[in-house]
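Residue numbers are given in the UniProt record's numbering: position 113 of the sequence shown equals residue 113, and the series is strictly consecutive.
No residue lacks a Cβ here, since even glycine has one placed at the ideal position from N, Cα and C.
Nothing here was measured: the structure is a model prediction, and the numbers come from that model.
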Amino acid sequence: MFDSLAEKLQATLSDVRSRGTLTEDDVNAAMREIRLALLEADVNFKVVKRFTNAVKERALGSDVIGQLNPGQQVVKIVNDELAELMGGESAELRFSSSPPTVILMAGLQGSGKTTATAKLARLLREQNRSSVAVAACDVYRPAAVEQLITVGARAGADVYERGTDADPVEIAKWARERAEREGKDVLIVDTAGRLHVDENLMKELAEIKRVTNPTNVLLVVDAMTGQDAVNVAEQFAEVVQFDGVVMSKLDGDARGGAALSVKSVTGKPILFASTGEKLDQFERFHPDRMAQRILGMGDVMTLIEKAESQFDETQAKELERKIRKSEFGLDDFLDQLRQVRRLGPLQSLLGMMPGLGGHQLRNLRVDEREFDRIQAIILSMTAEERRNPDIIKGSRRIRIARGSGTNVQAVKALIRQFGQMQRLMKSMQSGKMPDIGALMRQ
Ligand code: GDP
1 MFDSLAEKLQ ATLSDVRSRG TLTEDDVNAA MREIRLALLE ADVNFKVVKR FTNAVKERAL
61 GSDVIGQLNP GQQVVKIVND ELAELMGGES AELRFSSSPP TVILMAGLQG SGKTTATAKL
121 ARLLREQNRS SVAVAACDVY RPAAVEQLIT VGARAGADVY ERGTDADPVE IAKWARERAE
181 REGKDVLIVD TAGRLHVDEN LMKELAEIKR VTNPTNVLLV VDAMTGQDAV NVAEQFAEVV
241 QFDGVVMSKL DGDARGGAAL SVKSVTGKPI LFASTGEKLD QFERFHPDRM AQRILGMGDV
301 MTLIEKAESQ FDETQAKELE RKIRKSEFGL DDFLDQLRQV RRLGPLQSLL GMMPGLGGHQ
361 LRNLRVDERE FDRIQAIILS MTAEERRNPD IIKGSRRIRI ARGSGTNVQA VKALIRQFGQ
421 MQRLMKSMQS GKMPDIGALM RQ
């Protein structure tokens, strides 16, 4: 997401940054480039104008000109204004003091509403909302109810459904009452979409809103449709009050125009970003972090939060004990790998590292299949071999290679690398700095 915009902005700003002093002409030239980059990214032209004017005013107004390191200050101004453009402060979901908190999901057919309903349920479950239910009110799109039954259950939510014959407003009312009766923490209502914004859609939505009395109304818009997504949001904003936007399919939109324009045009912030078809490809949207990602400064905060959400203290203590006692075996290694994998696709994790945005990342293709190969090799070993890989020689090696569908070289390489890791752990344990060079030469 934002790949091409990120690339262009980073190139312009790196040019600005590298100059010792800046003249007004330099700032003007940079603003022209930024303006073009934003227009190419399909950002609404009024928004572009407002944005470049704001940056220019601040850049020329603050004593940037003629100062030492003025380039860095311009980068900071662009960063601040980009974050401001996307809403400034991160917007939060509201939770009702008397549960259930009801979240109404609105949007056109195909926008990603049903997917986002399940993803949000999963995210809230992960954040320790004890019980989450989802209600299937999209009775018009073929298979939407079936889809929610499947993904909702996978997300750990109770699915409230009454097939496709019932009236959506009736289902919504019934679901709200049931959630109350069953003491649910959160109820997420997947409403019926239409192909276009029309009167029926709006009427039905208003009715569902009335009978469910939602704590939050979220509008799901498809980032891949660019400015159309913004227009849809604008039309919704005129008729139904919604509180925030879920920007879906950001993974398929290298330009990012909708995400950059929607707040300015509708006044409503983006609360969540959906970045893939898998349930865990969904994150809270933080304008400041997104701005930093676009400018290639990474998003270490999101990375840390992802890691923390997978962190298990008892497991970590046990791991520390094993390392201390040199009992760290291939089983533990496999566990660690699986934990890293649960954080999401490696490519997207790398995208959050400072200095690894945009084009650098594209040259750095991560082969996710390597994980599968390592896993297959370890799973083809006996328990004894996993505890003590030194015994893996000759015929054992051949058996493991065959069992894992790899070859003897791959098995050897894995055992060698694991041995190096163990030595590294041991030397760190004994307080010595490991001799990395010596390890590499082995
Ligand atoms: P609905 O009609 O609004 O309920 O739309 P769906 O939730 O069924 O989504 C429509 C299609 O978009 C499905 O094929 C989803 O798998 C896909 N989809 C939804 N969200 C995303 C996303 O963030 N990224 C990608 N690549 N596909 C998505």
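Run of the alpha helix (DSSP H) containing residue i, from where it starts to where it stops
i: serine 274; result: Premise fails: serine 274 lies in the beta strand (DSSP E), 270-274, not in any alpha helix (DSSP H).
i: methionine 86; result: Where methionine 86 is concerned, there is no enclosing alpha helix (DSSP H), given that its DSSP letter is neither H nor E.
i: glycine 112; result: No alpha helix (DSSP H) contains glycine 112, which DSSP labels as neither H nor E.
i: aspartate 25; result: 24-40
i: phenylalanine 328; result: Careful: phenylalanine 328 lies outside any alpha helix (DSSP H) and carries neither H nor E.
i: phenylalanine 236; result: 227-239
Classification of residue i by the beta-carbon crowding that lies within 10 angstroms, buried from 16 upward
i: serine 111; result: buried
i: arginine 210; result: exposed
i: glycine 437; result: Here the model assigns glycine 437 a pLDDT of 49, short of 50, so the residue's position is not dependable and the matter cannot be decided.
i: methionine 105; result: buried
i: isoleucine 398; result: exposed
i: phenylalanine 236; result: buried
i: histidine 196; result: exposed
i: proline 142; result: exposed
i: arginine 441; result: Since pLDDT at arginine 441 reaches only 48, below the 50 mark, its modelled position is unreliable, and the value read off the structure follows with that caveat. Exposed, because fewer than 16 other Cβ atoms sit within 10 Å of the Cβ of arginine 441.
i: phenylalanine 2; result: buried
i: methionine 247; result: buried
i: glutamine 292; result: buried
i: aspartate 253; result: buried
i: alanine 206; result: exposed
i: aspartate 243; result: buried
i: threonine 21; result: exposed
Same chain, Cβ closer than 7 Å to residue i, five either side skipped, listed in chain order
i: valine 102; result: Arg176, Leu187, Val189, Thr212, Asn213, Pro214, Thr215
i: residue 494; result: Given a span of 1 to 442 for the chain in the structure shown, any question on residue 494 remains unanswerable.
i: valine 159; result: Val134, Ala136, Leu148, Ile149, Gly152, Ala153
i: alanine 83; result: Pro287, Asp288, Ala291
i: glutamate 204; result: Pro168, Val169, Ala192
Host beta strand (DSSP E) of residue i (start-end)
i: isoleucine 392; result: It is not in any beta strand (DSSP E) - isoleucine 392 carries neither H nor E in the DSSP assignment.
i: serine 248; result: 244-248
i: glycine 107; result: 101-107
i: phenylalanine 282; result: 282-284
i: valine 134; result: 132-136
Close-in-space but distant-in-sequence residues of the same chain around residue i (CB under 6 Å, 5 per side omitted)
i: glutamate 283; result: Ala273
i: isoleucine 171; result: Cys137, Arg162
i: leucine 13; result: Val75
i: threonine 114; result: Ala144, Gln147, Leu148, Asp190
Cβ shell of residue i (< 8 Å), same chain only, five flanking positions each side left out
i: isoleucine 208; result: Leu104, Cys137, Pro168, Val169, Ala172, Val189, Thr191
i: leucine 414; result: Ile374, Ile377, Ile378
i: glycine 405; result: Ala376
Chain C contact for residue i (CB, 9 Å cutoff)
i: glutamate 84; result: Among the chains in the structure shown there is no chain C, since it carries only a single protein chain.
Legend entry - the region 317-329 in contact with the region 411-426 per 3-pair CB rule at 8 Å: yes
Inset, instruction - State whether the region 251-269 contacts the region 122-137, with contact taken as three or more CB pairs (one from each stretch) at a distance under 8 Å. - result: no
Legend entry - the region 167-186 contacting the region 216-228, beta-carbon criterion three pairs below 8 Å: no
Inset, instruction - Counting only runs of 4+ residues fully inside the region 155-222, write out the alpha helix (DSSP H) ranges in chain order. - result: 168-181, 199-212
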